[in-house]
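Structure first, then comments.
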């Protein structure tokens, strides 16, 4: 029978819910796993709030100090779902306490922090993972498989964007529970770490390393009320960030993210063009992958709209029947399943901290390029 | 705190999984419900298989005889997830045992059976529901709200289809676990009860009653191996069924279903045209509702593609953030939530058996019309 | 060098313009034709109006009596672009005068008239054609080629509709220049002859003959002002017409047309499903053909969106470069080109009168079925 | 009656055909124009080829030396449809000969040449125009109107790309009739002047001037056979060009063009995001404009797909009926109509040379930025 995998969850916001849901569901659909997640403890600074969260989702206990949680003997893995500025300290302490770590993305505030985190988990020898969940959307996973099979041939272009529109109003505050992502002291950066980081992780996975970047950032709303201080304060984050790059495979990259694209809630897309074929995907219709195969008979060549719901497609043997959609949250279920499988097989699931550090390196180069208005090599 | 709502599940196929998933998840997302589903017992004829199902999903016990299940004191509600030919007997026994009943669709093999089932639950005074889950796709629920607000005005047309392609091969058997839907003795009808019934339920809900129908059915593959008997036997079901109708509101209806539409896994669509506007929806992109508003400024009038993921839209305050999709299975979660809420408020959730009987009446009229090649009034 | 092909155009409405444009353009793009259209004469009852039309488009002369036109020696072909109730008389007279005839669709008011017209042109031995222009949209022509190659295999379904919304208002009159299509004395039928006739012509071409039909018609607005009499009069046409049918190849057909589908200006679509593949097309995006090929590798199977603009695709070597769209009017240019080519080769271009008579037979059967509420065999 | 507008066409390639078609058709659809194009002379170096072109399209005479053409008294306007490296000399001579000039885009090889051309036409006082035809696609013209009405509010983003795939093979030669665009001595630049120039023209028109740019270019295939010299020679053009920019209205721009995007024949798109709304357009479906209106009721807010075929929409009163598409070539007809109308009203049609020079300035800045790997201000 399966063994318990006891989780200590730090944080209880949007991502705390998404991860918890994944832990609760994974066993129902991946019943062959040797490990079974157990919701051992939830942790947050506000006792009432964390208690409500724990009761609602079924965590067995609560903590209000993450150091207490990390110190507990009955926790196998810590899930870090707090603002970016706290990732490093918690991760290092958890590694020291010999806990496995599942850390929300981006890995850290910057490469320097991330490097410390990598060294901590590597020294401790604890399993670790960063929640770049989009790799586990079946259509995205299928894209990876098709590229690895060589179906696209030599790659020329990778373009991707992540467009939202929720911060256009100057009335949206910065700081606080729902809006810490607008506070640079908590988030480090704006859309770069929040949205572009997803694009970069997927790009590195699908198309390999990036050599250099030229970026542009913009802050459209320069002052916002801070929800915690109650003061109007300068905005330190980037509202939009765009960059061009060269991949090491000599293809060109084009990345854009913004929270000022009216009409797009969460338009995350990528397209990759190769000599033999092309692929594209859009989060708004996440069950589809579009594929252009140049080797098709020229008379009937066209972009194919593949509804990625067949049992032979990645992960889809676990769900319903062909044609029936799954949603956003399933990507987290898949990531938990892969992480647990990795523990069984000894083949660590990706991206781990070290892999996520490469994304961080690109983010840092992007911000440096935007600041210096010059091309910057990725370290 | 919440009270237990103890479920006895009869059947453990595709629908058994979908319903069980809904029971397990509803409390996490609808935490304000007074009732909390408890997986009390699973029932199936094959002891090994039902045990595996129960263990996998967490049912507390097993039964191999549904009569035993129905007789148990520790069951509040029976969920009927077995082939159509067993609905009536189980439902009547469950009602007699004072159990609430959640019955998979279609309600029965025919109106006569359905009427008996209605009388049984109504005499017993037990809550009852039929799993026409598509009403609870948020985009479909939003369509209902917009129609009820009068945004379409007088209705002229309702067209809908449900197209699949999984039985084209003559190698697909009839009868048995995965293919009882091709065996008329188990299913009653083919696509009429399986696919068209969904279309009809949605149509009745959105556009009111149907007055009369003219139908055409076809059986493309006339003999198939029977998976249980091992014999090649005549096929008794309809492989395709199409009908035209008049709604009582004087609009025209056009319905089509088939399992021979190559390229469509589960293309379920509807479109409704009114004097002031139109709506259309497609299961393959289930988070979208398309709306044409004739009252828009004519220079910028066009079909709007609404991504039904905003918190103000039906059910969507329970899930993630705008732009992030939910999937097929969520419709069942919503239906459980509404059923439980109905128990609290005393306002029964729909469709109950009596409401589902109207869909059955249309199905019967459709089959009769196809047989007689004449227009048939809906009883 | 090319020889003149002298045209006498009867009528100067929407279709008069579309055909004239085709005559004027064909030589520029089909420069290899042996015949060159010459705009010899335009004919209409109102002298001022026909003069304005002739001057605008460059017709060399005018007539106000079609009998005069038909009698002229300097006319090779007569183009009949007047309301349906005048087709027969003009066509018979033109045939008697030994003119070639290009007749706007539908061929006639009914089969009886159409049969007389066929006999007239066949007796006279004059070339003849009916303007079912949609066969010559390159995407539709490509569909025909793919079907003929056997790419779809055995056919199961053909579904098509033609949806408009321009007559919803009760203020639209019947009769007169722009609205004779609402006047049954001029048009014969409503959407059946106007819209469904196109669907039927394409269906017969792509999928062969129809055996029998069951139809439903509706007239939503039952009285309208008559533009010529100034009186409010009963409406004699069908506002909507739907029918189911059996093709002789044993596939099922589903046809719908209406002028009450809010939001659709001219949504003309068809889809055909076969054992090995499916095709679909939509006039609103007329340069695309969608193709599902079941023989594709199952991992990457999906509907292909073919942008029918490559030089190897039908007619497209005559236009621009790949990716650049053509429009509605080009279908008429292609039809003229094919007609003229047919005169050269002696292989008559289709549909000729006899072929269009089959469409008329289906229309008649449809109207009879709607009237009798019974299945009707196509004569 | 209308006066003749006698055209001398220099060049007879793809664009020579497209412009000639426009001259021949404009009078049929814009019959209210005071001027009527007359195909007076065609000019090209190869006597046979230009004769064939002239005969095919109906030019009254031929020239093999453009200086002869420019010198003729019976020519009112010269249309320059030759490779970019010849624009300047011809334009200056034509202006000196007091001819009106319609010049294919891009205006010149660089700003210096373009400035000379501007001075030439301005000194001579001759009407002039550059064929940035996409402004006259009705959907694009409608976009301009909506922006000018203030429907988008403050603009945040403009993104656009023009993607092709026709030069991926190393077998495509450079130089010569069909491939001079790959020869830098004839074309000046690659995709920058060919494709991006269209994107820039539209962007400047819709969103105002560009302040500065940061660009990246790439040449994927570095050697190609030269069709005229028969030698394998280095490729001097950019195969791909991407740039980021700041518009003077403080919005951000993102531009991409390439001929290595497998699967895209001519995917030209733009999207503009403002505080109150957004617009997007795609050449592959050129009759549609998508519009997101944030002022819509939030419950039914979504991107509207506007089929730009209503009579009240730009240019569409001249064509067919609502729902019926026009194609690529119509943009040229509209441009001729607007040019001729401008001559009547004395309000010059745009873009004239001076306006097109701004596009040239951006192109020059882009190429300079790509070369220097630095941000460059637009002169």
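Protein chains in written order, with my numbering: chain X, 1079 to 1457; chain G, 1079 to 1457; chain H, 1079 to 1457; chain F, 1079 to 1457. Yeah, the Cβ is synthetic: ideal placement off N, Cα and C, and Gly gets one too.
Check the Cβ-Cβ distances between residue 1404/G and every residue of chain X, and say whether any is below 8 Å. Yes, because at least one Cβ of chain X sits closer than 8 Å to the Cβ of residue 1404/G.
Chain H residues whose Cβ lies nearer than 7 Å to that of residue 1246/G: Identification of chain H residues near residue 1246/G by a Cβ-Cβ cut-off of 7 Å yields 1353, ordered along the chain.
Cα-Cα, which of 1408/F, 1405/F, 1388/F, 1393/F is closest to residue 1399/F? Nearest C-alpha to residue 1399/F among 1408/F, 1405/F, 1388/F, 1393/F: 1388/F.
Look up residue 1381/X in the DSSP assignment and give the residues it is bridged to. DSSP output for residue 1381/X lists 1383/H as bridge partner(s).
Using a Cβ cut-off of 7 Å, which residues of the stretch 1318-1350 of chain G contact any Cβ in chain H, in chain order? Answer in chain order: 1318, 1320, 1322, 1330, 1332, 1334, 1336, 1338, 1339, 1340, 1341.
Closest to residue 1285/X by C-alpha separation, out of 1337/X, 1168/X, 1320/X, 1351/X, would be which residue? 1351/X
So, using beta-carbon positions, are residue 1234/F and residue 1277/F closer together than 8 Å? At least 8 Å separates the beta-carbon of residue 1234/F from that of residue 1277/F.
Element boundaries [beta strand (DSSP E), containing residue 1320/G]: Taken as a continuous stretch (DSSP letters only), the beta strand (DSSP E) holding residue 1320/G covers 1318-1325.
With a floor of 3 residues, list each beta strand (DSSP E) that falls wholly inside the stretch 1141-1201 of chain G, ordered by position along the chain. 1155-1158, 1178-1181
Unbroken alpha helix (DSSP H) runs of length 4 or more, entirely within the stretch 1402-1437 of chain H: which are they? 1408-1423
Return the chain-ordered list of same chain residues with a C-beta closer than 6 Å to the C-beta of residue 1460/X, the five sequence neighbours on each side being excluded. It is not possible to answer for residue 1460/X, since the shown part of chain X is limited to 1079 through 1457.
I want to verify the contact list: residues of chain H whose CB lies under 8 Å from the CB of residue 1235/X, in sequence order. Near residue 1235/X there are no residues of chain H at all, since even the closest Cβ is about 17 Å away, more than 8 Å.
Could you tell me how far apart the beta carbons of residue 1086/G and residue 1179/G are, in whole angstroms, since I believe they sit closer than 8 Å? At roughly 10 Å, the Cβ-Cβ gap does not stay under 8 Å, so residue 1086/G and residue 1179/G are not in contact.
In chain H, which residues lie with their C-beta within 7 Å of the C-beta of residue 1399/F? Near residue 1399/F (Cβ distances below 7 Å), the residues of chain H are 1092.
Cβ neighbour criterion (16 or more within 10 Å) applied to residue 1125/H: exposed
With a CB to CB cut of under 6 Å and the five nearest residues on each side skipped, what residues in its chain are close to residue 1360/H? Taken in chain order, the residues that qualify are 1347.
So the beta strand (DSSP E) residue 1310/H belongs to, where does it begin and stop? Here the beta strand (DSSP E) through residue 1310/H covers 1310-1312.
Tell me, please, whether the CB atom of residue 1135/F is closer than 8 Å to any CB atom in chain H? yes
Determine, for residue 1240/F, whether the minimum Cβ-Cβ distance to residues of chain X falls below 8 Å. no
For residue 1237/G and residue 1260/H, I'd like the C-alpha separation in whole angstroms. Taking the straight line from one Cα to the other gives about 24 Å.
Proximity of residue 1386/G and residue 1369/F at Cβ, strictly below 8 Å: no
Check whether chain B comes within 8 Å of residue 1451/G, counting only Cβ atoms and requiring the distance to be less than that. As a matter of chain content, chain B is missing from the structure shown, whose protein chains are X, G, H and F.
Against residue 1363/F, what residues of chain H qualify as contacts under a CB-to-CB distance less than 7 Å, listed in chain order? 1363
Chain-ordered residues of the stretch 1374-1395 of chain F with a beta carbon less than 8 Å from chain G: 1374, 1376, 1377, 1378, 1379, 1380, 1381, 1382, 1383, 1384, 1385, 1388, 1390, 1391
When 1263/F, 1158/F, 1357/F, 1114/F are compared against residue 1173/F, the one with the closest alpha-carbon: 1158/F
For chain F, is any of its Cβ atoms less than 8 Å away from the one on residue 1227/X? no
Quick check: what's the CA-CA separation for residue 1291/F versus residue 1321/X? The straight-line gap from Cα to Cα measures roughly 12 Å.
Beta strand (DSSP E) containing residue 1355/G: first to last residue? Judged by DSSP secondary structure, residue 1355/G falls within the beta strand (DSSP E) whose first and last residues are 1355-1360.
What ranges does the beta strand (DSSP E) occupy inside the stretch 1243-1313 of chain G, keeping only unbroken runs of at least 3 residues that lie completely in it? For the stretch 1243-1313 of chain G, the full-length beta strand (DSSP E) segments reaching 3 residues or more read 1288-1296, 1301-1303, 1310-1312 along the chain.
Does the contact criterion of 3 or more C-beta pairs under 8 Å hold for the stretch 1240-1254 of chain G versus the stretch 1302-1310 of chain G? As far as the Cβ criterion goes, the stretch 1240-1254 of chain G touches the stretch 1302-1310 of chain G, which means the pair count is three or higher.
Applying a beta-carbon distance threshold of less than 9 Å, which residues of chain G neighbour residue 1224/F? 1377, 1378
May I ask which residues mark the beginning and end of the beta strand (DSSP E) holding residue 1033/X? Because chain X is modelled from 1079 through 1457, residue 1033/X falls outside the range shown and cannot be assessed.
Check whether the Cβ of residue 1249/H lies closer than 8 Å to any Cβ atom in chain G. no
Closest residue to residue 1427/H among 1160/H, 1227/H, 1120/H, 1283/H (Cα-Cα distance): 1283/H
Please report how far the alpha carbon of residue 1381/F lies from the alpha carbon of residue 1341/X, in whole angstroms. 7 Å
For a quick check, are the C-beta atoms of residue 1212/F and residue 1218/F less than 8 Å apart? With a cutoff of 8 Å on beta-carbon distance, residue 1212/F and residue 1218/F are scored as near each other.
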